[in-house]
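To start, the structure itself, in structure tokens.
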Amino acid sequence: MPVVSVLSGLGLLMMISLSLLQTGTTSQMLARTNLQIVDTKTLVEAAVSRAVLAMLESNPDRYWRTDGVARRFEFAESEMTISIQDELGLIDLNQADPSILISLMQTAGLDRQSADKLVDKILDWRDPKPTRRLNGAEESDYQTAGSSYRPRKGPFQSVDELLMVMDMTPTLFERIESAVTVYSGRHFVDPNVAPREVLLALPNADATSVETIIATRTSQNSQINALAAGNVIPLRGRVFTIRTEFEKLKKRVSHRVTIRLTDDPSHPYWILNWRIR
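The sequence shown begins at 1 in the working numbering and counts up by one.
Right, here's the structure in full:
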């Protein structure tokens with residue numbers, strides 16, 4: 001009996017030791033993962049702060065473009081690319097004229113008929129009126145389709161909400177995501193900071209005219225910088241999306257941080273959205 005008791009005790013001690021060892025290893029793994037998350041967050045925050053400083057720069061030679069053109073940035077031995085997109089250069093889902101939305105869907109690959117149908121559903125989603133457009137969709141249509149949600153019947157709260165609109169596919173959404181916004185609050189698009197896919201959706205636009213606009217914009221960059229740095233273009237209250245991309249643990253990490261600038265030196269911007277891509 002004593003021998004059995006001793007063996008049982010040794011077995012129990014071994015099980016406890018193995019459990020503690022496993023717990024320690026798990027704790028180390030969790031700590032290492034948390035450190036990586038914090039480290040990545042720090043890099044992104046540093047990139048965003050650097051971009052904001054560049055937009056508020058009084059020296060036009062140090063001002064960064066806000067039309068989505070990427071540039072290199074090094075921080076803490078990490079090399080990353082940063083681009084700033086002024087939301088005034090994007091198509092506002094809550095304000096845009098239907099014709100521009102239709103044109104955008106066509107440039108993304110839809111035929112005219114399919115584009116018309118989808119845009120009607122987008123307009124019905126944001127329209128508080130219960131009347132269905134010709135090719136639109138109201139609550140009963142979503143219910144019949146077995147959807148677990150219903151149209152908002154109000155302004156889009158985020159670009160991602162487009163994925164909830166009937167007939168919107170992830171593939172199409174991926175093609176138009178960088179061209180739309182919910183933050184500009186304007187019917188028009190500023191062509192000086194609009195990306196290529198937005199310019200192609202504007203009235204009477206074609207590939208040749210768009211390339212001319214982009215080339216002219218690049219050649220006049222110093223002049224645009226001078227206007228912005230001289231505060232001719234007010235930035236208070238303006239919204240920008242800052243994209244960062246860098247390599248972490250042999251993987252490419254991409255973030256999109258949407259901010260609104262303020263005139264408070266202690267809080268120069270507010271974060272409106274933070275997306276990992």
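Glycine residues also receive a C-beta, built at the ideal position from the N, C-alpha and C atoms.
Treat the numbers as computed from the prediction; the structure is a model and nothing was measured.
Taking 8 Å as the cut-off, decide whether the C-beta atoms of residue i and residue j are in contact.
{"i": "I91", "j": "V189", "result": "yes"}
{"i": "R277", "j": "R256", "result": "yes"}
{"i": "S78", "j": "A70", "result": "no"}
{"i": "L123", "j": "A179", "result": "no"}
{"i": "L272", "j": "R186", "result": "no"}
{"i": "D116", "j": "I102", "result": "yes"}
{"i": "S68", "j": "P195", "result": "The residue asked about is misnamed: residue 68 is Gly in this sequence, not Ser. Their beta carbons are under 8 Å apart, which means G68 touches P195 by this criterion."}
{"i": "S209", "j": "V182", "result": "no"}
{"i": "L43", "j": "F246", "result": "yes"}
{"i": "W64", "j": "A54", "result": "yes"}
{"i": "K121", "j": "V165", "result": "yes"}
{"i": "T244", "j": "A47", "result": "yes"}
Out of the options, which has the shortest C-alpha to C-alpha gap to residue i?
{"i": "W125", "options": "T66, T208, M168", "result": "M168"}
{"i": "V193", "options": "A215, E45, L172", "result": "A215"}
{"i": "S147", "options": "S209, L163, P98, P155", "result": "L163"}
{"i": "D86", "options": "N94, I100, P98, V52", "result": "V52"}
{"i": "L134", "options": "T144, A145, Y149, Q113", "result": "Q113"}
{"i": "R275", "options": "R152, E177, V165, D141", "result": "E177"}
{"i": "P234", "options": "E57, K129, D39, A47", "result": "E57"}
{"i": "I100", "options": "E197, K153, D160", "result": "E197"}
{"i": "S66", "options": "I242, K250, A145", "result": "In the sequence as presented, Ser is not what sits at residue 66; that position holds Thr. Comparing Cα-Cα distances from T66 to each of I242, K250, A145, the minimum goes to I242."}
Can you tell me whether DSSP reads residue i as helix, strand or coil?
{"i": "P170", "result": "helix"}
{"i": "Q85", "result": "strand"}
{"i": "A115", "result": "helix"}
{"i": "L261", "result": "strand"}
{"i": "T131", "result": "coil"}
{"i": "V52", "result": "helix"}
{"i": "V239", "result": "strand"}
{"i": "Y142", "result": "helix"}
{"i": "R277", "result": "coil"}
{"i": "W64", "result": "coil"}
{"i": "L43", "result": "helix"}
{"i": "E197", "result": "helix"}
{"i": "K326", "result": "Residue 326 falls outside the range modelled here, since the chain spans only 1 to 277, and no answer is possible."}
{"i": "L162", "result": "helix"}
Suppose you measure from the CA of residue i to the CA of residue j; what does that come to, to the nearest Å?
{"i": "V119", "j": "N59", "result": "43 Å"}
{"i": "T33", "j": "K41", "result": "At T33 the pLDDT is 48, less than 50, meaning the model places this residue with poor confidence; the figure from the coordinates comes in the next sentence. Their Cα atoms are separated by approximately 12 Å."}
{"i": "P265", "j": "S49", "result": "13 Å"}
{"i": "L202", "j": "D97", "result": "11 Å"}
{"i": "G109", "j": "L172", "result": "8 Å"}
{"i": "E45", "j": "D127", "result": "37 Å"}
{"i": "R150", "j": "G136", "result": "13 Å"}
{"i": "T131", "j": "E138", "result": "8 Å"}
{"i": "K248", "j": "D39", "result": "10 Å"}
{"i": "R62", "j": "E174", "result": "32 Å"}
{"i": "E161", "j": "T144", "result": "20 Å"}
{"i": "K250", "j": "K153", "result": "44 Å"}
Tell me which residues share the same chain as residue i and place their Cβ nearer than 7 Å to its Cβ, disregarding the 5 neighbours each side in the sequence.
{"i": "L18", "result": "Bear in mind that a pLDDT of 46 at L18, under 50, signals an unreliable position, so the number given afterwards is only what the model happens to contain. Within the same chain, L18 has no close Cβ partners at all."}
{"i": "L199", "result": "P191, A205, V210, I213"}
{"i": "Q106", "result": "R112, A115"}
{"i": "Y269", "result": "V52, I259, R260, L261, T262"}
{"i": "R72", "result": "E79, T81"}
{"i": "D141", "result": "M166"}
{"i": "H267", "result": "none"}
Excluding five sequence neighbours on each side, which residues of the same chain lie with their C-beta closer than 8 Å to the C-beta of residue i?
{"i": "T26", "result": "For T26, the pLDDT reaches just 48, beneath the cut-off of 50, and the residue's location in the model is therefore unreliable, leaving the point undetermined."}
{"i": "S184", "result": "E87, L88, L90, D92, Q95, V239"}
{"i": "S254", "result": "R243, T244, E245, I276, R277"}
{"i": "E74", "result": "M80"}
Flag residue i as yes when its Cβ comes closer than 7 Å to any non-hydrogen atom of the ligand ZN, and as no otherwise.
{"i": "D264", "result": "With respect to the ligand ZN, the structure offers nothing, as it holds no ligand at all."}
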